[in-house]
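Protein chains in written order, with full-length UniProt numbering: chain A, 1 to 258; chain B, 1 to 258.
Using N, Cα and C, we set each Cβ at its ideal position, and we do this for glycine too.
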């Protein structure tokens with residue numbers, strides 16, 4: 001299953017993507033986690049130690065390397081065999097951590113350096129051609145907001161999860177994503193309620209987004225703030241309220257996402 | 001003064017941009033607020049009624065109109081006189097609300113519709129050529145994350161404010177913005193601490209970002225959550241803790257930003 005996680009900036013996409021990745025890995029799945037946000041930080045949500053995450057070569061550099069070698073800008077495809085499997089991804093572009101392979105799409109490295117649209121095209125191609133077996137799952141942490149949909153990245157995913165918090169701006173983003181997701185032909189769309197202070201907050205989100213199946217709730221919890229303050233994966237803090245909520249969400253995802 | 005407000009998604013950029021705009025307007029400044037986030041929502045933070053904000057024509061459409069009229073894609077400049085003033089901005093692209101003129105750069109309207117980089121170039125040109133008088137202020141709500149710096153939007157601003165919340169991911173974004181801001185030659189850079197649960201949270205941000213002058217603190221306050229839930233401008237909720245904190249921040253900005 002290829003899962004894309006999206007929603008307004010700051011709603012908890014990266015925490016959810018990182019923790020779900022670790023939960024899938026614990027269940028025995030081979031997991032490829034893709035950090036597709038130019039302002040990348042999935043590594044820390046996965047619990048990858050800083051000294052290792054610093055050494056990750058962004059995938060966008062692969063394109064440059066490929067272009068340099070062959071003197072053609074569109075030649076990065078040659079680095080892959082046709083229809084690659086998760087295992088075929090070159091080790092120098094991935095780190096393995098607790099059963100999760102992490103691929104980082106790359107950040108903007110120099111001010112004024114141009115747009116990241118070629119990287120998005122690259123990601124889309126990779127996602128389209130990647131063969132995902134039954135025991136494998138790909139989880140993409142998409143960039144904040146909705147630009148990635150404009151660029152058509154998302155037509156290469158099976159399931160798209162919108163993360164929404166109780167507030168109109170997050171709902172507005174969710175509604176825009178829903179409309180764009182329809183345009184690009186996403187088949188399965190779900191919503192996760194995040195930072196909920198109680199059942200009425202979950203109800204608010206369900207009422208505002210009646211047409212998107214509700215996958216589950218993540219409570220407003222100090223454990224997530226503490227994990228970020230201590231630069232630690234939420235999953236590694238043990239079975240707190242947030243991890244237990246995400247385990248339930250993962251079960252429902254497996255039941256309804258297939 | 002041309003002010004850009006940036007930072008990780010969800011830290012409070014839009015709330016701060018909208019509320020500062022209203023505070024400047026109350027002080028008698030002519031304010032141009034620019035929503036430069038493709039996932040736009042500055043209108044609701046300013047308190048623009050939904051029936052009016054729905055009618056705003058995004059600035060990016062102006063380019064298309066211009067291109068259609070003259071059959072040239074780079075001709076939008078022709079719509080402006082050389083070195084336009086805030087007052088010269090055509091009314092059909094702005095709404096006036098409580099002394100604030102709002103300009104919306106535009107959202108991605110159709111899935112798969114391509115990238116927004118041409119819109120960023122347009123914004124940069126506008127910002128560079130806009131003459132801002134002493135009694136005028138331009139406040140830009142920049143897109144979540146750091147892509148806009150990669151695209152060089154920010155070299156047309158006088159002051160850049162990074163909003164940071166207590167957490168490593170927000171700090172990582174702030175550090176990347178600082179580095180990119182240096183590359184593009186931003187002269188004045190400040191940080192605002194947001195969602196602070198106490199003085200130790202402010203201290204955390206100051207310690208993590210010692211090289212960026214600290215402009216002030218915004219406490220973690222229910223009034224911001226309530227304003228978003230009720231689709232109301234924080235400023236219109238009266239002088240709560242958050243508005244008072246932002247009034248202090250505006251004072252310091254006037255003293256140190258000039």
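Could you tell me which of the options sits nearest to residue i, measuring between CA atoms?
i	options	result
residue 29/B	43/B, 101/B, 14/B	101/B
residue 164/A	219/A, 237/A, 51/A, 139/A	219/A
residue 36/B	3/B, 22/B, 187/B	3/B
residue 95/A	131/A, 139/A, 49/A	49/A
residue 139/A	103/A, 166/A, 174/A	103/A
residue 192/A	228/A, 131/A, 186/A, 250/A	250/A
residue 189/A	42/A, 13/A, 257/A, 132/A	257/A
residue 185/B	157/B, 6/B, 5/B, 216/B	157/B
residue 198/A	208/A, 217/A, 187/A	217/A
residue 105/A	52/A, 43/A, 11/A	43/A
residue 59/A	51/A, 175/A, 33/A	33/A
residue 130/B	31/B, 51/B, 173/B	31/B
residue 7/A	53/A, 22/A, 175/A, 252/A	175/A
residue 9/A	97/A, 252/A, 141/A	141/A
Here's the rule: buried if 16 or more other CB atoms are within 10 angstroms of the residue's CB, otherwise exposed. What is residue i?
i	result
residue 244/A	exposed
residue 195/A	buried
residue 180/B	buried
residue 171/B	buried
residue 134/B	exposed
residue 222/B	exposed
residue 136/A	buried
residue 143/B	buried
residue 15/B	buried
residue 161/B	buried
residue 45/B	buried
residue 230/A	exposed
residue 166/A	buried
residue 210/A	exposed
residue 224/A	buried
residue 248/B	exposed
residue 128/A	exposed
residue 13/A	buried
When the Cα atoms are used, what is the spatial distance from residue i to residue j?
i	j	result
residue 177/A	residue 233/A	28 angstroms
residue 26/A	residue 99/A	8 angstroms
residue 212/A	residue 182/B	43 angstroms
residue 56/A	residue 235/B	44 angstroms
residue 200/A	residue 24/B	36 angstroms
residue 168/A	residue 126/B	30 angstroms
residue 206/A	residue 214/A	7 angstroms
residue 255/B	residue 203/A	45 angstroms
residue 81/A	residue 93/A	Unreliable placement is indicated for residue 81/A, whose pLDDT of 42 sits below 50; no coordinate value is reported for it.
residue 227/A	residue 237/A	7 angstroms
residue 113/A	residue 239/B	Low confidence applies here, because residue 113/A scores a pLDDT of 49, under 50, leaving its location unreliable and the question unanswered by this model.
residue 11/A	residue 51/B	26 angstroms
residue 242/A	residue 20/A	11 angstroms
residue 47/A	residue 97/B	46 angstroms
residue 159/A	residue 17/B	34 angstroms
Could you have a look at residue i and say whether DSSP puts it in helix, strand or coil?
i	result
residue 238/B	coil
residue 4/A	strand
residue 254/A	helix
residue 56/B	coil
residue 20/A	helix
residue 168/B	helix
residue 130/A	coil
residue 204/B	helix
residue 35/B	strand
residue 190/B	strand
residue 248/B	helix
residue 209/B	coil
residue 184/A	helix
residue 163/B	strand
residue 27/A	coil
residue 14/A	helix
residue 95/A	strand
residue 136/B	strand
residue 158/B	coil
residue 48/B	coil
Along the segment 163-176 of chain B, where does the CB come closer than 9 angstroms to a CB of chain A? Name the residues.
165, 166, 167, 168, 169, 170, 172, 173, 176
Under 8 angstroms (Cβ pairs) to chain B, residues found in the segment 8-29 of chain A:
8, 9, 10, 11, 14
Can you pull out the residues from the segment 213-228 of chain B whose beta carbon lies closer than 8 angstroms to at least one beta carbon of chain A?
225, 228
Can you pull out the residues from the segment 231-247 of chain A whose beta carbon lies closer than 7 angstroms to at least one beta carbon of chain B?
231
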